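The structure appears below as structure tokens.
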Amino acid sequence: MSTEKPLPVIDHDSAPYWQAAHEGRLDIPLCGDCGKHHFYPRAICPHCHSDNLKFDTVSGRGEVHTFTIARRPAGPAFADNVPYVVALIELEEGPRMMSRIQTDDPEKVHIGAKVEVTFVKATDEITFPYFRMT
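Under our numbering, the letters of the sequence shown match residues 194 to 327, in that order.
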């Protein structure tokens with residue numbers, strides 16, 4: 194049984210996102226044709242199917258759209274983290290992204306709570322954008 198947490202696979206489309214997170218920025222794709230942000234990073238815009246994309250640094254502010262409190266670990270690697278909050282965050286710029294909420298009291302998290310990004314280093318290569326309530 195592995196006790197190492199799974200890590201994301203960085204590919205061509207997501208590399209700028211992970212590099213920005215490593216540098217303490219939340220960069221997400223912005224379409225040069227329709228002008229809409231989207232998340233998760235991918236080769237084409239999900240709104241207009243253009244490949245005219247660039248990464249844009251966003252505010253990192255948003256609100257909790259929905260969430261769950263994990264009270265049982267999703268495997269041995271997560272045993273020391275329970276309880277933890279997994280949330281769908283609606284960013285001010287429009288897209289929604291799944292992440293974790295850093296909190297000492299998961300019971301205080303609620304739908305509509307205002308949050309801001311914070312960065313948590315997992316390895317020398319991977320830094321996760323998590324959120325905290327403001």
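From the three backbone atoms N, C-alpha and C, an ideal C-beta is built for every residue, glycine too.
In this text the structure is predicted, and so the values were computed from the model without any measurement.
Does Ala214 come out as helix, strand or coil in the three-state DSSP assignment? The sequence position of residue 214 within the sequence shown is 21, counting from 1. For Ala214, the secondary structure class from DSSP, reduced to helix, strand or coil, is helix.
What residue does the beta strand (DSSP E) around Ser292 start on, and which one ends it? As a first step, residue 292 is located in the sequence shown; it is residue number 99 there, counting from the start. Per DSSP, the continuous beta strand (DSSP E) segment holding Ser292 begins and ends at 289-294.
Residues near Arg330 in its chain [Cβ-Cβ closer than 8 Å; skip 5 each side]: The question about residue 330 has no answer, for the chain in this structure spans 194 to 327.
Identify the continuous beta strand (DSSP E) that holds Cys227 and give its terminal residues. Here residue 227 is taken as the residue at index 34 of the sequence shown, counted from 1. First-last for Cys227: undefined, no H or E at that position.
Label Thr296 either buried or exposed according to how many other C-beta atoms from any shown protein chain fall within 10 Å of its C-beta, with 16 as the threshold for buried. What you label residue 296 is simply residue 103 of the sequence shown in a count that begins at 1. A buried status is given to Thr296, since no fewer than 16 other beta-carbon atoms sit within 10 Å of its beta-carbon.
In whole angstroms, what separates the C-alpha of Ser292 from that of His258? Your numbering for residue 292 matches position 99 in the sequence shown. Your numbering for residue 258 matches position 65 in the sequence shown. The straight-line gap separating the alpha-carbon atoms of Ser292 and His258 is approximately 11 Å.
Pick from His242, Glu256, Arg218, Pro269 that is closest to Asp249, judged by C-alpha positions: Start at 1 with the first residue of the sequence shown, and residue 249 comes out as number 56. Among His242, Glu256, Arg218, Pro269, the Cα nearest to that of Asp249 belongs to Arg218.
How about Asp273: is its Cβ closer than 7 Å to a heavy atom in the ligand GTP? With respect to small molecules bound, the structure shown includes none, and the ligand GTP cannot be examined in it.
Just the C-alpha distance for Val301 and Arg264, rounded to the nearest angstrom, thanks. Translated into the one-based positions of the sequence shown, residue 301 becomes position 108. Translated into the one-based positions of the sequence shown, residue 264 becomes position 71. For clarity, residue 301 is Lys in the given sequence; the question names Val instead. Rounded to whole angstroms, Lys301 to Arg264 spans 15 Å at the Cα level.
Is Ile288 near His230, with beta carbons less than 8 Å apart? One-based indexing of the sequence shown puts residue 288 at position 95. One-based indexing of the sequence shown puts residue 230 at position 37. According to the sequence provided, residue 288 is Pro. The question's Ile does not apply to it. Cβ distance < 8 Å, so Pro288 and His230 count as in contact.
Cβ-based burial, Leu223 [other Cβ within 10 Å; buried from 16]: Position 30 of the sequence shown, counted from the start, is the residue given in the question as residue 223. By the neighbour-count rule (16 or more Cβ atoms within 10 Å), Leu223 is buried.
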